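Asks: Here it is: the structure, laid out below.
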Amino acid sequence: MIAELGHYALVLALGLALIQAAVPLLGARWRDPALMSVGSAAAGAQLAFIGLAFAALTACYVTSDFSVLNVYENSHSAMPLLYKVTSVWGNHEGSMLLWVLILALFGALVAAFSRNLPDTLKATVLAVQAWIAVAFLLFILGTSNPFARLTPAPMEGRDLNPILQDLGLAVHPPLLYLGYVGFSISFSFAIAALIEGRIDAAWARWVRPWTLLAWVTLTLGIAMGSYWAYYELGWGGWWFWDPVENASLMPWIAGTALLHSAVVMEKRDALKVWTVLLAIITFSLSLLGAFLVRSGVLTSVHTFATDPTRGVFILAILVIFIGGAFAIFAWRAPVLRQGGLFAPVSREGALIVNNLLLTTACGTVLIGTLYPLALEALTGDKISVGPPFFNATFGPLFLAVMLVVPFGTLMAWKRGDLLGVTQRLMVAAGLALVALIGTVAVQQGGPVLAPLMMGIATFTIAGAATDIVERTGWFRLPPATAWSRTRGLPRSAWGTAFAHAGLGIALLGVVGETFWNTERIVSLRPGETVTVNDYDLHFDGVATRQGPNYNELTARFTVRSGGVPVGTLAPAKRSFPHRAMATTEAALMSRGFSQLYLSLGDVEDNGAVAIRLYHKPLVLLIWIGALVMAFGGLLSLSDRRLRVGAPKPARARPARTTPVSTPAE
Amino acid sequence: MKRIVLALCLMLSASVAGALTPAEMLDDPALEARARNLSRELRCMVCQNQSIDDSDAPLARDLRVLVRERLAAGDSDGEVKTFLVARYGEFVLLRPPFSWRTALLWGTPPLFLLGGLAGLVLYLRRRRAAPAEAVEAPLSDDERARLARALGDGES
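Keeping their order, the protein sequence lines are chains A and B. Start counting the first sequence at 1; every next residue gets the next number (my numbering). Start counting the second sequence at 1; every next residue gets the next number (my numbering).
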């Protein structure tokens, strides 16, 4: 009964989405406030009904209702409650339901928090948002019904894939989807602006918080997924250039570019057409990601061809939305004209360079991901495009981005002074040089790239600090003045500095993990000791344990550093009888920003256990850097300027009263 | 999401053996280091984008052993790769070699960058030649007032 209720709620949500897709648009056309206001109401109701459907599926999982096919295939009555709940989106149908739930959530948020928006723009945005909802609801109802029944109902479920039975599943997909789907708002705003034929600095200011929110959650989602893969898969890698990872990285890069070009548009009224195009591209890449992951095309072009229903459906969504968006763009973009002139050497210019490098990096990931598929489909030749390709192409581009960042943040709008900026970056450059030389001295003939990358990372971090120092006047003005300027500095300025510093911090971690990683792969008997760097691990013995739905073999190691015990590591192997699968549970010990990483291999006949032991210097900085970036994004998001409907200051200046379409000079 | 795909791969491999095991490793550290580096550039063909160095699959194990056999027999890195490509096709190489088939792949990043630069230069030139003009739909008085309010807190 609950399942049917959920199914019915989903159908009703589709009906609401159809109304929301059409009525507000007509209202905007006829300037009819009553019709336009239907959009907000429908968006709220749509969220309520999709929420109901989601709650219904969750209830089926929590009560282990195995008469529902989806629950039978992905759950087990002995699983802990947390995993029963997370199983809801640990499968194709449920994850699509989560996708539309978040889509509806964003639609409702726009409806609720956009009182400042012109009615027609708001109505159009909500209508476009509903088009996306209609497409995906049709997809779920037509090809991926999570509420399908199974008769006779089995007694027990087939258990969730053991790799997914992890806290990571509770956090990673929802964050990732908030990011993916959050970009749909920028997309809807872009299409609405094209339909309305009007776009100005205010548009950029309305779009930016949504883009920023999506970017922050996507950053966290990707970082979380990376850490999950790192500790779960047992060989200590944190990024694999897997097509599925690339699918999440591409919207992130494009979204980063979008954030920056939207700044130019907001402050200087320039780059409008480009910003709109980027908004479309970013969400298109999200859709592409959904297609790549959901259609099965990645496994092989042929599996896609043998069971094409879902794949073809998503491909159709992809073609209609991306094709349609570009068609509208081609038709309407010439209407939008540029404002604000600027010299090539200026903040605008630097942000354009940023955009050029980021889109190239994004294009590189895109071609690397799609090329093998296209080549196989066209010629039948199979090639692999793996990490070596991406490291060789994406790596340099991103390093270039990081070198440019400090120059960009210090550059003045309209006309910059490259020499002056360089002079102000001398301290940062000096620090970078110290880091570079220090690295060379310490590693003594290690990889050449390591000192270079350490230098670049230091330069980016010091550059971010320089920006703050320059803005507040520390070391230049009396401390009291500098202090008051520090306090008065807008949060968006802090946000920028944190986000950029986060980039540098993450690079430090990448350098440490990539170049100074030490590895021991050995067989060990209880009582024996293995040494990595200055850590001695003594193998105490093995123990077995019975978990709720698995058996576990744990090995205990005592870790000593310079003879002093610093803790124990207890890596494990779990076997899940219901799935006939096993997982490795690596044991990690953080020492500062570095980690000891230990995972178990096979137990040999003579009682020896194969282990993989790593010492990973600075590895934690990779994810700390991502957290710092996301924190910067949140700071910027909390800036009063971007809070929609924030109270106005008493000293309200008469702002630009015309859409600033004339050159400011 | 990514988990699911990786999980599928692991399911295929049914977790018989772990990735690289101590027993497979060569005694000569220099040779073993070469084997590791090679392994990272070779694909486990039944997996989803995993190198044979990382993979649990039996096939990956066979390939690891094969690579070490060839190296021990005195092959150079290039000869091992050629041998594997002859057996399994270019699919086995994670770094696609440059050829007419992959020209577009390797060419895209520089072309993208140069194309973007060229477009940028053209754009900046044209902008200097023809300054912007206002052809957007004008705002109504009501909207202007609201815009003034929305932008009221000014630049920061």
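Idealized CB from N, CA, C, for every residue including glycine. Predicted, not measured: the structure shown is a model, and the values here were computed from it.
At which residues does the alpha helix (DSSP H) containing G488/A begin and terminate?
Replies: Where G488/A is concerned, the enclosing alpha helix (DSSP H) stretches over P479 to G488.
Asks: Using 10 angstroms around the beta-carbon of D53/B, count the other beta-carbons present and answer buried if the total reaches 16, otherwise exposed.
Replies: Its Cβ being crowded by 16 or more others within 10 Å, D53/B is buried.
Asks: Measuring straight from C-alpha to C-alpha, what distance separates S661/A and L213/A?
Replies: The pLDDT assigned to S661/A is 38, lower than 50, so where the model puts this residue is not dependable; a value taken from the coordinates is nonetheless given after this. When rounded, the distance between both Cα atoms is 28 Å.
Asks: What does A202/A touch in chain B if you count any residue whose Cβ is under 7 Å from its own?
Replies: Correct list: L147, A150 and L151.
Asks: Alpha carbons only, please: which of T458/A, P478/A and F498/A is nearest the one belonging to I468/A?
Replies: Closest option to I468/A, Cα to Cα, is F498/A.
Asks: Are the Cβ atoms of Y614/A and T529/A separated by less than 8 Å?
Replies: No.
Asks: Could you give the distance in angstroms between the alpha-carbon of L16/A and the alpha-carbon of L489/A?
Replies: So the two alpha carbons sit approximately 45 Å from each other.
Asks: By the DSSP assignment, the beta strand (DSSP E) with R574/A in it spans what residues?
Replies: That run of the beta strand (DSSP E) goes A572 to F576.
Asks: Do P243/A and L292/A have their C-beta atoms within less than 8 Å of each other?
Replies: Yes, they are a contact pair.
Asks: Pick out whichever of F576/A, Y535/A and S575/A has its Cα sitting closest to the Cα of V559/A.
Replies: For the residues F576/A, Y535/A and S575/A, the minimum Cα distance to V559/A belongs to Y535/A.
Asks: What does I383/A touch in chain B if you count any residue whose Cβ is under 8 Å from its own?
Replies: Those within 8 Å of I383/A in chain B are E90, F91, L93, P96, R101 and T102.
Asks: T393/A touches chain B at which residues, Cβ-Cβ below 7 Å?
Replies: Simply P109.
Asks: Candidates S384/A, S186/A and S144/A: which alpha carbon is nearest G311/A's?
Replies: Ranking the options by Cα distance to G311/A, first place goes to S144/A.
Asks: In terms of residues, what are the limits of the beta strand (DSSP E) holding Y597/A?
Replies: Taken as a continuous stretch (DSSP letters only), the beta strand (DSSP E) holding Y597/A covers S594 to V603.
Asks: Along the chain, where does the beta strand (DSSP E) containing G541/A start, and where does it finish?
Replies: Its beta strand (DSSP E) spans residues Y535 to Q546.
Asks: With distances taken from CA atoms, which of G509/A, G547/A, T496/A and V628/A is nearest G592/A?
Replies: Of G509/A, G547/A, T496/A and V628/A, the residue nearest in Cα terms is G509/A.
Asks: By Cβ distance below 7 Å, which residues in the same chain neighbour A108/A in space, the five residues on each side in sequence not counted?
Replies: The answer, listed in chain order, is A43, G44 and L47.
Asks: Express the C-alpha separation of G463/A and L431/A in angstroms, rounding to a whole number.
Replies: Approximately 10 Å, taken between the alpha carbons.
Asks: Counting only runs that start and end within the stretch 5–91 of chain B, where is the beta strand (DSSP E) found for 3 or more residues in a row?
Replies: The qualifying runs do not exist here; there are none.
Asks: If we ignore side chains and look at the alpha-carbon of each, how far apart do A86/B and R68/B end up?
Replies: If you take the alpha carbons of A86/B and R68/B, they lie about 17 Å apart.
Asks: Work out the CA separation of T466/A and A480/A for me, nearest whole Å.
Replies: Spanning the two alpha carbons is a distance of roughly 19 Å.
Asks: Using a Cβ-Cβ cut-off of 7 Å (strictly less than) and excluding sequence neighbours within five positions of L689/A, which residues of its own chain qualify?
Replies: Shown here, chain A extends from 1 to 665; a query on residue 689/A therefore has no answer.
Asks: Note the first and the last residue of the continuous alpha helix (DSSP H) segment covering S261/A.
Replies: P243 to R268 is the extent of the alpha helix (DSSP H) around S261/A.
Asks: Measure from the alpha carbon of M589/A to the alpha carbon of each residue in S575/A, G601/A and A570/A, then state which is nearest.
Replies: Closest by alpha carbon: A570/A.
Asks: Have a look at W241/A and I222/A and give me their C-alpha separation to the nearest angstrom.
Replies: Rounded to the nearest angstrom, the two C-alpha atoms are 12 Å apart.
Asks: Kindly indicate which three-state DSSP category L151/B falls into: helix, strand or coil?
Replies: It is coil, neither helix nor strand.
Asks: Distance, Cα to Cα, E604/A vs G408/A?
Replies: Taking the straight line joining both Cα atoms gives about 58 Å.
Asks: Determine, using beta carbons only, whether A555/A and L600/A come nearer to each other than 8 Å.
Replies: Yes, they are a contact pair.
Asks: Between the stretch 204–213 of chain A and the stretch 347–358 of chain A, can you find at least three pairs of beta-carbon atoms closer than 8 Å?
Replies: The stretch 347–358 of chain A is not in contact with the stretch 204–213 of chain A.
Asks: Across the stretch 104–124 of chain A and the stretch 25–40 of chain A, are there enough close Cβ pairs to call them in contact, namely three or more that are closer than 8 Å?
Replies: Touching, yes, given that three or more Cβ pairs across the two stretches are closer than 8 Å.
Asks: Listed in chain order, which residues of the stretch 16–31 of chain B have Cβ atoms closer than 8 Å to some Cβ of chain A?
Replies: Flagged, chain order: A17, G18, A19, L20, T21, P22, A23 and M25.
Asks: Would you mind stating whether H76/A and D200/A have Cβ atoms separated by less than 8 Å?
Replies: No, they are not a contact pair.
Asks: Since A13/A and F49/A should fall inside the 8 Å C-beta cutoff, what is the C-beta to C-beta distance between them, to a whole number of angstroms?
Replies: 4 Å between Cβ atoms; contact.
Asks: What in chain B is Cβ-close to W235/A, meaning under 7 Å?
Replies: Result: A19 and D54.
Asks: Taking 6 Å as the limit between beta carbons, can you name the residues of its chain near S284/A, skipping five residues before and five after?
Replies: Answer for S284/A: I322, listed in chain order.
Asks: Take P406/A as the anchor and find which of G446/A, V88/A, P146/A and N354/A has the nearest alpha-carbon.
Replies: Nearest C-alpha to P406/A: N354/A.
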